[in-house]
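Residue numbers (this note's numbering): 1397 to 2370. Positions of the beta carbon are idealized from the N, C-alpha and C atoms, including for glycine. Fair warning: this is a prediction, and the values are worked out from it, not measured in the lab. Here is the structure we will look at.
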């Protein structure tokens, strides 16, 4: 397909209406110009949004953009002015003509020039009646005459148009568009708004109604309210791509009526889109950017790049309590350290972390930044279930023309040069075209590995009769133009390189073609998410995904990501009947599944898990991410001696080994190895790190005060671990200081029985690390200790949740059943009353050794109501397996049905002497369950004792979690 690459085309007069709209010609000129000059009487948001992306593309390619509008009659939309400010932040020169009393301003002029080597190669000017509104640019009858620049004729008229624009642009009544001017304009516009409405001039009638939250956003808003009710200061919400994370944040800002907002992200494009979203919902708020070019401190809502605001020199420009509400979007794109600085500095009323990342392993770092408060989570499958996203049909095609085993693999990625060499071939392109033709719908977005790859594929498809275009940072066709051509059906497919992975709304896309390796699950799901949004214009019913999969372990992330699973074995086990919405479809070539099954058999070692995580997230995993992978940390410690020993064994960076090795004993024995009966040590270590303790040893009083503030961010831990009489203390209360100095500060400075030294000491009323630290290593050591501290808090929070707060996830869900699914466990039902309880037939409680249990089925059973007061919310039934408890007064035999009671904060009490159901995870991450009598020993440890003397007692470890007590054995009536 040949695209027009001229600034202007067609007849000189644009007559408007649906048959000859101005918009396509305007967008085409914006996409081709190196200089853009626009002056209109008024601008409406509905019109600006139609050309906004094209203007952003122009600024990204360093085009000059000058835009002038006016305050004539107060018709210009303040929201549009806010969005013009966003363009100004990206480099546009935006100004406003301020009319005097009785003065009018009716100018509508659009001037475009394309220069090469500082010489005009093309130029055109449109002069007519079109303001920037949806109607004026699309279907209203508006005349607009084009005047073209000529290389051979007289250009005095064109130059005169340019000259007159320059005069009006520099007119004394023209002012720069500033936050202050917009605020003042809104105030003086209020008296004329009623008159404007009567004249139907205040806004476009086509403007959409006020946005309202979707079902997932409503649930998340409730969860956020509940979190604040529980005194949480930070929370994480996971919403899959396309479900409206940014809108949720804006709705919650409205809900809390917060006034000073900080929105932080890693890319300018995300910040720009967020700003537009917030302005749509909160039009009267002022917005500003904080990045390398702009430092707008006075706006109500500041949109900041983490690369800038995360630096100490910039943080110091703000008081710590400057913002009421902070939103951090997509944490996984930057190391936790850069965000930790920001979060440790600011003290907002509330902080909301947002991510579309589906897996706990990917969430681990960001979860710790949000105080382990994951309050709401909806994955892609949830979005499809609720109708927010469309279902998908996934075809995993064998990329049989390439042997990926032969390609160089470095740092979790294929060598890009090697990929280019094997991708740009006739055989592979033919293979791709064949399957694309067979499965495609109407509008395809293809993901390529490089510019060379995208260009090759576009040319190949064009040669074979397809309408295709390649889009990348240096392509002549711009992204916004290509999307418009695709949505109108003028092209069939876009071959893209990294321009559509994230942050772009593409609802018209109905086919995704993946013809490149995607080593990260995050990136794969972002690509999938580009086409899952509902489309009001096309009404698509599903998304087709055509994915070319190679013979390499990195592609194993596909079945895991599609089903929302961490464990490859579990994902492959379910691939024949995947755990997805019934309207979705997964078809993967059988030979690929066979290959994956062989690979997964060896997926056992800590090193395997380490590299799988590294491939998923594109960097070395943190200790917390490894913890959430469900690998047995006790086993890791036995094999390697500690987390950082594993890191050093798998990383090749010589500087890392040189700097970390001297501190391994300190990290393994002084930080990682700890008996945490409470969260105190983790809170203390986080405090020490937040005060930059390795560089500047903090006083004990400053530690006490900062520890109080950090502890209060964890309201559940605060309530559980702090003495009741200290819950109402302040950070400066002497009682709190005395308590905290005694334990944990003094305890941290004692020599452990297993260590040859105390790892911290108190000197001159300061807490000091009791090791020799080279000055150049202090910052690195701070990061390493912070990493382990996050792990300690994650493990402790997880343990507390599974022992005293809630049941494991598999027992926490609710199942709705028809009458026919209710099982009467005994045929004889002569009891005066019965009660119906949840029954887990596959959750076998081992009365022998630990036994794997799973819960793919939950039913209900009716039992006689003779076992005391029962509550279906906390009581459930599961079968016993084995005979270790077959003895004593309450013998449990193999096959007995056990009546169990969930352990919760309100009914936990003392566990000594009780028969409890205990959970542990095996090396592969499976849950295993055991029934034993618990006996507390003199040294504080616990023994798990069997009733049957043939079975030895087991020493309880911190990997074991009590989750239910045995209430009774259900016996059939006689």
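TODO: Evaluate residue 2349 with the Cβ neighbour count: other Cβ atoms within 10 Å of its Cβ, from every protein chain shown; 16 or more gives buried, anything less gives exposed.
DONE: exposed
Review point. Using 8 Å as the threshold, is the stretch 1443 to 1451 in touch with the stretch 1414 to 1426, meaning 3 or more CB pairs across them?
Key: yes
| query | Alpha carbon to alpha carbon, how far is residue 1739 from residue 1785? | reply | 33 Å
Are the beta-carbon atoms belonging to residue 1987 and residue 2016 less than 9 Å from one another? no
- prompt: When the distance is taken between beta carbons, is residue 1609 closer than 9 Å to residue 1643?
  reply: yes
Q. Residue 1803 to residue 1884, Cα distance in whole Å?
A. 40 Å
Between the CA atoms of residue 2194 and residue 1843 - distance to the nearest angstrom: 38 Å
Run the CB neighbour count on residue 1669, radius 10 Å, all protein chains shown included, and call it buried at 16 or more, exposed below.
-> buried
Going along the chain, which residues of its own chain have a beta-carbon closer than 6 Å to the beta-carbon of residue 2223, five neighbours each way excluded? Reliability of the predicted coordinates at residue 2223 is poor, the pLDDT of 35 falling under 50, and the value obtained from them is presented with this limitation in mind. So the list is empty, once near-sequence residues are dropped.
Q | Contacting residues, own chain, Cβ-Cβ under 8 Å from residue 2290 (five flanking each side not counted) | A | 2243, 2276, 2277, 2278, 2279 and 2282
* Which of helix, strand or coil DSSP assigns to residue 1418 -> coil
Look at the Cβ atom of residue 2327, then the Cβ atom of residue 2316, and state whether they are nearer than 9 Å. no
* Inter-residue Cα distance where the pair is residue 1639 and residue 1789 -> 19 Å
Inset, instruction - Output the distance between the C-alpha atoms of residue 2095 and residue 2067, rounded to the nearest integer angstrom. - result: 20 Å
Apart from the five residues just before and just after residue 2131, which ones in its own chain have a Cβ nearer than 7 Å to its Cβ? 2122 and 2125
To the nearest angstrom, how far is it from the Cα of residue 2368 to the Cα of residue 2267? 21 Å
Checklist entry - By DSSP, does residue 1983 sit in helix, in strand, or in coil? => result strand
Next item on the list: Using beta-carbon positions only, say whether residue 1908 and residue 1939 come within less than 9 Å of one another.
Entry: yes
DSSP three-state label for residue 1514, please.
coil
For residue 1652 and residue 1967, the rounded distance between their alpha carbons
41 Å
Original post:
Is residue 1412 closer than 9 Å to residue 1537 when the C-beta atoms are compared?
Top reply: yes
* Got a sec: does the ligand NAD put a non-hydrogen atom nearer than 8 Å to the Cβ of residue 1525? -> Absence of the ligand NAD is noted for the structure shown, with no ligands found whatsoever.
#### Entry: Assigned secondary structure, residue 1660 (DSSP; H/G/I helix, E/B strand, else coil)
strand
> If you draw a straight line from the alpha carbon of residue 2213 to that of residue 2255, how long is it in whole angstroms?
Replying inline: Since pLDDT at residue 2213 reaches only 27, below the 50 mark, its modelled position is unreliable, and the value read off the structure follows with that caveat. Roughly 7 Å between the two C-alpha positions.
ask   = So residue 1684 is in the alpha helix (DSSP H); what residue range does that whole segment cover?
value = That residue, residue 1684, is in no alpha helix (DSSP H); its beta strand (DSSP E) goes 1683 to 1686.
### Three-state class that DSSP yields for residue 2368 in the structure shown
coil
How long is the line joining the alpha carbons of residue 2162 and residue 1768, rounded to whole angstroms?
30 Å
If you drop the 5 nearest sequence neighbours on each side, which residues of the same chain put their C-beta closer than 8 Å to that of residue 2176?
2055 and 2056
Which listed residue (2160, 2133, 2166 and 1660) has its alpha carbon closest to that of residue 2144
2166
Buried or exposed, going by whether 16 or more other CB atoms sit within 10 Å of the CB of residue 1675?
buried
*asked:* Taking its Cβ as the centre, do 16 or more other Cβ atoms sit within 10 Å of residue 1405, making it buried, or is it exposed?
replied: exposed
According to DSSP, simplified to helix, strand and coil, what is residue 1742? coil
Coarse secondary structure for residue 1466, derived from DSSP in three states:
strand
Task: Cβ distance (whole Å) where residue 2099 is taken to contact residue 2164 below 8 Å - done: Contact doesn't hold; Cβ gap of about 11 Å is too wide.
* To do: Check whether the Cβ of residue 1480 lies closer than 9 Å to any Cβ atom in chain E.
  => In summary, chain E is missing from the structure at hand, where a single protein chain is found.
task: Leaving aside the five residues before and after residue 1856 along the sequence, list all residues of the same chain whose C-beta is less than 6 Å from its C-beta, in chain order.
output: 1825
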